[in-house]
Each structure stands twice: as structure tokens, then as C-alpha cells.
Amino acid sequence: MGVDRREFLKIAGYATLFGLGGTAAIDILAPGELEASTTGIPLTQGKRWSMVIDMRKCLAQQDKKACEDCMLACHREHNVPDWGNPKHAIKWIWQDKYEHVFPDQPNEFIDEGVEGKPFILLCNHCYNPPCVRVCPTQATFKREQDGIVAMDMHRCIGCRFCMAACPYGSRSFNWGNPRKAPKNLNPDYPTNKAYPERSKGVVEKCNFCTELVAKGELPACVQACDKIKVHALNFGDLGDPASNVRELLQKHYSIRRKPALGTGPNVFYII
Amino acid sequence: MLDRALKGTTGYWSWLIFLLVLIGIGAGCYIYQYFEGLMITGLSRDVSWGLYIGQLTYFVGIAAGGVMVVLPYYLHDYKAFGRITILGEFLAIAAITMCLLFVFVDLGNPVRIMNVILYPTPNSILFWDMIVLNVYMLLNIVVGWNVLAAERKGIKYQKWVKFLAYVSIPWAFSIHTVTAFLYAGLPGRHFWLTAILAARFLSSAFCAGPALLILLCLIVRKVSNFDPGKEQIRTLGGIVAYAMILNVFFFLLECFTAFYSQIPGHMHAIEFLFHGLDGHGYLAPWMWTATGFAVVALVLLIVPATRRKEDTLAVACVSVIIATWIDKGLGLIVGGFTPTMFDTVTPYWPTTPEILITIGVLAVGFLVLTILYKVAVSIKEEAAA
Chain A
1408 MGVDRREFLK IAGYATLFGL GGTAAIDILA PGELEASTTG IPLTQGKRWS MVIDMRKCLA
1468 QQDKKACEDC MLACHREHNV PDWGNPKHAI KWIWQDKYEH VFPDQPNEFI DEGVEGKPFI
1528 LLCNHCYNPP CVRVCPTQAT FKREQDGIVA MDMHRCIGCR FCMAACPYGS RSFNWGNPRK
1588 APKNLNPDYP TNKAYPERSK GVVEKCNFCT ELVAKGELPA CVQACDKIKV HALNFGDLGD
1648 PASNVRELLQ KHYSIRRKPA LGTGPNVFYI I
Chain B
44 MLDRALKGTT GYWSWLIFLL VLIGIGAGCY IYQYFEGLMI TGLSRDVSWG LYIGQLTYFV
104 GIAAGGVMVV LPYYLHDYKA FGRITILGEF LAIAAITMCL LFVFVDLGNP VRIMNVILYP
164 TPNSILFWDM IVLNVYMLLN IVVGWNVLAA ERKGIKYQKW VKFLAYVSIP WAFSIHTVTA
224 FLYAGLPGRH FWLTAILAAR FLSSAFCAGP ALLILLCLIV RKVSNFDPGK EQIRTLGGIV
284 AYAMILNVFF FLLECFTAFY SQIPGHMHAI EFLFHGLDGH GYLAPWMWTA TGFAVVALVL
344 LIVPATRRKE DTLAVACVSV IIATWIDKGL GLIVGGFTPT MFDTVTPYWP TTPEILITIG
404 VLAVGFLVLT ILYKVAVSIK EEAAA
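Line by line, the protein sequences give chains A and B.
The opening position of the first sequence corresponds to residue 1408 in my numbering, with each subsequent residue numbered one higher.
The opening position of the second sequence corresponds to residue 44 in my numbering, with each subsequent residue numbered one higher.
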């Protein structure tokens, strides 16, 4: 662990100060060793929410079965319909092969551990989001308090400027009325009465589950991943030097999508 | 003055009825789109702008091109253009009308359009585009209308009109610069992310706009007793020639940077447009058609004999319009979205309703143009009589 007694006491002390108790200290020092690595961290107090995706764990799970738990959970939580047509697909969290996720990392001699392997994609909740810069109505905006790039689907005029501006293809448009999506693919739509439905003609995307974070819960995808004890998705606060995500990033080499564009993606991949 | 639009020949009325039929068909298709959503178009999550936004871009160019008659007249005191400034201004009004309608039909949620004003957002280029387009339209309406009214009364227009005409000159440059900025500041869209995009837009605007104006002058001469003038058309021909040369030159600069640097992101969109990428070469025949027409136009415009002869100049102008339309109205948008952010190709082709809505908007523009030109030409005829 490389944590000496003095440092342990310091972190444990802070954790106690915030009323987190001993489990949190263990979480911070040994993430993943305790189930649901962020349990107990006051989610509503993050300064810069981020996601660290441990692709080793994710791919190991996908070797066992074609795992789609995070995607199913998210799309259920947010009433995301399945149109059956990839051109009209609405994606909050989805999979694509490594070469498509990191097109600026071409390598014809890439190791077979990642070659063609399905990676998890979602909105990067950029530190410097180009989608927010271009939106003419502030329907998409970065939350000052915690850095989440949120979307007001009831203000959006559907100009799709943000879709042109996002270098990650993380934004989807309601080409039709979600309620008119094929019934056979969406038998129980809307899937979550507690979450708003959309009209046609607005843009939507991953919101880092602001509605759950506000209640102190982890995002739906993280919960789904934790539920099957894979813990590949780690949600935490980059603004807190002692957070689970900072710890992971300190210990492992991680990469981000298209960092050269200066958007400052807050989603990290451990390969 | 508008009453002049109510008196016309059978040909005039048949043309208007023809346009109204096209508008009706377009409106019908738009109602269908309004209720079903933009899924009736060929657009997708990867190519999320298409024919509509391409037309917006193209007709902002046509509108800006009108300044090529206003500028020599007001800034260089080139008297000959005094006869036709009104044609340039009225063309700009019709073009901006189309632009605003193309933005409108492209919106997923048109009923919320006032949100752009209710929540003004200066960091969004679309906000500035709305401002520059609307103000340019207003400037042209006020200047054009007052100059024409003065001409009808046989007096000189007021000083403040001239002041507004001066304002409209840099404003014309601004509308196409701002429109280029919609694209040229987006990270990750290599085809658009280039400092020369605004210059390319302006050069293509200053050849396409005056080229259309030349054709309109020739039509006006044919259908009315007002002759826009031989010298005027010849000078416009020179402007088209210079602008078209610059336009092609700027494009070749793009090609050099892309293919000499060999950076894949810079090459891919151009390869896709002219050759094909991942087996999708459906735009290549269009782009080579544009290239062919550009070559024809350049030859006819550069050779003095063909540029000065009105028949061949007309052919050159049609060629310029076809070449620039394919380049800007079709290739620019699809090329900007290809390859996708995942280095893949998602093909886009407009659907029939999408094309009919586009034609409907064009018909509205030509209806506005016809009515304005009818008024202007009638007053010019009266003044001459």
C-alpha cells in the first residue's frame, strides 16, 4: 500500500472528521477490496465528479458473458428507448471497439488484450466542454458546484449544434417521439415513472445520474456494475485528493479519449 | 410601392402560382415532419446536420454576395452599379429569408425558438449568427426600400440611408464570417477546423452571389423594359472571375496542407468526398461534377473573349453556381461529419420529404425575390418613361 502510519492516521482522521467512520478510510486506502467502493462518501458534496473505468475488470467480466448490465440499468433509469435503428440510436452509456473509442491511437501492432475489444463509452463530462460553449440557449450547461455537464431537455430547441461540437459522439437526438419507438423493443416504456420523459426533437446524454447523486446514491451504471461484484466503474470526486478515483489514478496508468483537443475529459480508462 | 407586384403578365402570374404550388408541397411535408420529428429526414446521430444546414450556409453566401454591387457603388463611387444596387439588396433579402427558414425547419423543437432570445448566450456562435443575419436583412430592407422610394419620387435618398448602406458593407462580410465560425471552432471536426474556412466562404460567396445576380439581370432584361446594363454585367463578370479563382485557390490550399502533412484526420474528409472512405464513395460523382463545372467556369471566366460575351458568361455563371452549390450546400456539411467521431463512415442522403421541404423553402425565397424584383423593375420602368 505504501501508506505509513502517519498518513493512515491523517486520512482516517479526516474521514472521521467528515463523519464517515472507519469503512470509508478502508475504502480510500484499499478501493475495490470493500464492496461498493464509494459507499458512505457524501455524494452530494463532490467538486469534480469523474469516472474511472477499469477496463481490465470490465473485459474480464465480458469474457465470462456479454455483459450489458450498466447499459441496461442506465437506459431503464432514464427512459431511453430502443429505436432498433443504429442511425437513430439514443446512447447514454454504450460499447464500441477500442479502435473506435481511441481513433487517435492507431497501432497496427496493438496487443490482443485490447484489439477489437468492447470499451465502455459515456459522456466525458469535460472540464472544458465544447457542447456547452456552442449551445445557444444554455440548455446544456456545466454545473459550477460539481462539474457535471447537465442537460435541460425542456429548454433545448433541437438545433444539434452540441452534437456537432462534441468530439466524442456522446450526444443523441430524439429523431422521433420516444413514445412512438417500436413497442416490441420497448414493451414496458416508460421504464421509470420517476424520471422525466422527453418530447421529440431534443438532445440528450449521460447526466452522471444527477438525480441519484442528489440523493446520495451512485450512478445507475456503477450500481449495476457493483451489483455483479465487478467494480469496473468507479465514480468519485477528483476534487478530493483522498477520493477513490484519485487513488486509482495515482496507482494506475490511465488514458482518456482525445485529450489533445483540450476538452479535459473526466472519464478515465485503466487499460 | 408593393401594389406594383399586383399587376403583371400571365407569365408573371404563372410563375408565382408555380412557386406557390412548390411552397404548398413543401409546407405539407413540413407538417409531416413537425408531427413525426426529424426522423423523416436522412439525418442520423452521426450526420446530424444535412441538406437544410447546407442550404443555410449556401444562401448566407448568396446574401453576402449582394455586397459586391453595393461596395463598388458606395465606397468606390462606381456610378454604373447605381442602376443595380437595388437588385443586389433585394437578392440579399430573399436569400436571408431562406436562411432563416432553413434554420427553422432544421430545429427539432421549433416552438421553442424564442429561447434563443429569452436566454441570450454570447458564447454561442448561433446566437451571433441570429443577430447578424436579422440585422443584415433589416439593413437591406431599409436601405433598398428607401433608395427605391427616392428613385420613384425622382429625388436623392437621405443621408442616413447612405450611412446605413455603409454599415451594410462590413456587415455583409460579418454574416459569412460568423457563419463560418459556426463550423471553424469545433474541436475534432477536422474538415471544418481550419482558419481559412471563413475566407473560403467569403470567396465562394463573392462568386456565387454575383453569378446569380448576372443571371437575374439577364432575366430582368428579357422579361421587362428595364436593362440592368451591359457595363454592369461585364463588371460583375470580372468580380465573379476573381472570386472564383480565389475560391478554387483556397480549396487547393486545404488540399496541400492535408496531403503534404499526411495527417489522417486532415486527409480523410477530402478522401471521402472525392474518392470514398470505407467503401462509401457516394459523394465522389458529385464532387467531381463540381470540379468539372469549376474548371469550365474558370476557363470561361479567365479567357477575356468568353467572359465579355454575355452568352458564354451566362454559361460560366451557371457553372459557378452548380460548382459552389455542390461544394458548400452538400459536400461541406457531410464532409464535416465524415468520418464520424469513431473513425467510421455513416452515409447520409436526404429523403424525398426532406428534399421537398428544401424546395419549398427555395420557392419561398424565389417568391420574395420575384415580388421584390417586380416592384423594383416596375419603378425603374416608370422612372425611365
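The C-beta atom is built at its ideal place from N, Cα and C for all residues, glycine as well.
Treat the numbers as computed from the prediction; the structure is a model and nothing was measured.
Inter-residue spacing [alpha-carbon to alpha-carbon] between residue i and residue j
i, j, result
"residue 52 (chain B)", "residue 1546 (chain A)", "51 Å"
"residue 1656 (chain A)", "residue 1595 (chain A)", "39 Å"
"residue 1566 (chain A)", "residue 149 (chain B)", "7 Å"
"residue 1592 (chain A)", "residue 1490 (chain A)", "7 Å"
"residue 406 (chain B)", "residue 70 (chain B)", "11 Å"
"residue 226 (chain B)", "residue 1472 (chain A)", "42 Å"
"residue 331 (chain B)", "residue 402 (chain B)", "24 Å"
"residue 378 (chain B)", "residue 1524 (chain A)", "28 Å"
"residue 213 (chain B)", "residue 1529 (chain A)", "43 Å"
"residue 153 (chain B)", "residue 77 (chain B)", "9 Å"
"residue 302 (chain B)", "residue 219 (chain B)", "27 Å"
"residue 111 (chain B)", "residue 250 (chain B)", "9 Å"
"residue 1568 (chain A)", "residue 1556 (chain A)", "15 Å"
"residue 161 (chain B)", "residue 170 (chain B)", "11 Å"
"residue 1578 (chain A)", "residue 98 (chain B)", "24 Å"
"residue 262 (chain B)", "residue 1665 (chain A)", "53 Å"
"residue 240 (chain B)", "residue 231 (chain B)", "15 Å"
"residue 266 (chain B)", "residue 57 (chain B)", "14 Å"
"residue 351 (chain B)", "residue 1669 (chain A)", "52 Å"
"residue 1480 (chain A)", "residue 1644 (chain A)", "22 Å"
"residue 1590 (chain A)", "residue 1597 (chain A)", "11 Å"
"residue 315 (chain B)", "residue 90 (chain B)", "14 Å"
"residue 279 (chain B)", "residue 234 (chain B)", "31 Å"
"residue 1462 (chain A)", "residue 1614 (chain A)", "21 Å"
"residue 1551 (chain A)", "residue 1535 (chain A)", "12 Å"
"residue 1442 (chain A)", "residue 1624 (chain A)", "At residue 1442 (chain A) the pLDDT is 44, less than 50, meaning the model places this residue with poor confidence; the figure from the coordinates comes in the next sentence. Distance between the alpha carbons of residue 1442 (chain A) and residue 1624 (chain A): 15 Å."
Residue from the options whose Cα sits closest to the Cα of residue i
i, options, result
"residue 1498 (chain A)", "A:1649, A:1552, A:1555 and A:1527", "A:1527"
"residue 1381 (chain A)", "A:1617, A:1631 and A:1503", "The structure shown does not extend to residue 1381 (chain A), since chain A spans only 1408 to 1678, so no value can be given for it."
"residue 404 (chain B)", "B:301, B:235 and B:64", "B:64"
"residue 96 (chain B)", "B:236, B:373, B:312 and B:47", "B:373"
"residue 238 (chain B)", "B:217, B:297 and B:185", "B:297"
"residue 1549 (chain A)", "A:1496, A:1677, A:1672 and A:1664", "A:1672"
"residue 264 (chain B)", "B:85, B:278, B:173 and B:421", "B:421"
"residue 165 (chain B)", "B:188, B:300, B:221 and B:121", "B:221"
"residue 68 (chain B)", "B:395, B:363 and B:314", "B:395"
"residue 1667 (chain A)", "A:1479, A:1511 and A:1676", "A:1511"
"residue 109 (chain B)", "B:86, B:184, B:371 and B:386", "B:184"
"residue 248 (chain B)", "B:325, B:101 and B:87", "B:101"
"residue 272 (chain B)", "B:116, B:124, B:79 and B:90", "B:124"
"residue 319 (chain B)", "B:114, B:84 and B:390", "B:390"
Supposed contact pair residue j and residue i - C-beta distance, whole angstroms, cut 8 Å
i, j, result
"residue 1582 (chain A)", "residue 118 (chain B)", "No, residue 1582 (chain A) and residue 118 (chain B) are not in contact; Cβ-Cβ is about 47 Å, not under 8 Å."
"residue 1558 (chain A)", "residue 1612 (chain A)", "6 Å"
"residue 417 (chain B)", "residue 47 (chain B)", "6 Å"
"residue 1570 (chain A)", "residue 1610 (chain A)", "6 Å"
"residue 1494 (chain A)", "residue 1647 (chain A)", "Between residue 1647 (chain A) and residue 1494 (chain A) the Cβ distance is about 41 Å, and since that is not below 8 Å, they are no contact."
"residue 136 (chain B)", "residue 180 (chain B)", "6 Å"
"residue 105 (chain B)", "residue 134 (chain B)", "7 Å"
"residue 1541 (chain A)", "residue 167 (chain B)", "5 Å"
Bridge partners - residue i, DSSP secondary structure assignment
i, result
"residue 323 (chain B)", "B:320"
"residue 1500 (chain A)", "A:1529"
"residue 1643 (chain A)", "A:1457"
"residue 1556 (chain A)", "A:1549"
"residue 1580 (chain A)", "A:1610"
"residue 1661 (chain A)", "A:1677"
Chain B contact residues for residue i, given Cβ-Cβ distances below 9 Å
i, result
"residue 1598 (chain A)", "Within chain B, no residue comes near residue 1598 (chain A); the closest Cβ sits about 21 Å away, beyond 9 Å."
"residue 1669 (chain A)", "230"
Chain A residues whose Cβ lies nearer than 8 Å to that of residue i
i, result
"residue 304 (chain B)", "Near residue 304 (chain B) there are no residues of chain A at all, since even the closest Cβ is about 15 Å away, more than 8 Å."
"residue 385 (chain B)", "1503, 1507, 1508, 1510 and 1576"
"residue 389 (chain B)", "1494"
Closer than 8 Å at the beta carbon, the chain B residues around residue i
i, result
"residue 1581 (chain A)", "80 and 151"
"residue 1566 (chain A)", "146, 149, 150, 151 and 169"
"residue 1606 (chain A)", "152"
Neighbour list for residue i in chain A, Cβ cutoff strictly below 7 Å
i, result
"residue 229 (chain B)", "1537, 1571 and 1572"
"residue 195 (chain B)", "Ordered by position in chain A, no residue passes the 7 Å Cβ test against residue 195 (chain B), which lies about 40 Å from the chain."
"residue 91 (chain B)", "1567, 1570, 1571 and 1580"
Partner residues on chain B for residue i, Cβ-Cβ distance less than 7 Å
i, result
"residue 1609 (chain A)", "151 and 152"
"residue 1665 (chain A)", "231"
Proximal chain A residues relative to residue i, where beta-carbon distance stays under 9 Å
i, result
"residue 88 (chain B)", "1493, 1494, 1495, 1496, 1497, 1498, 1570, 1576, 1578, 1579, 1580 and 1582"
message = By the 7 Å beta-carbon criterion, what residues does the region 159 to 181 of chain B contribute toward chain E?
response = Given the protein chain composition of this structure (A and B), no chain E is represented.
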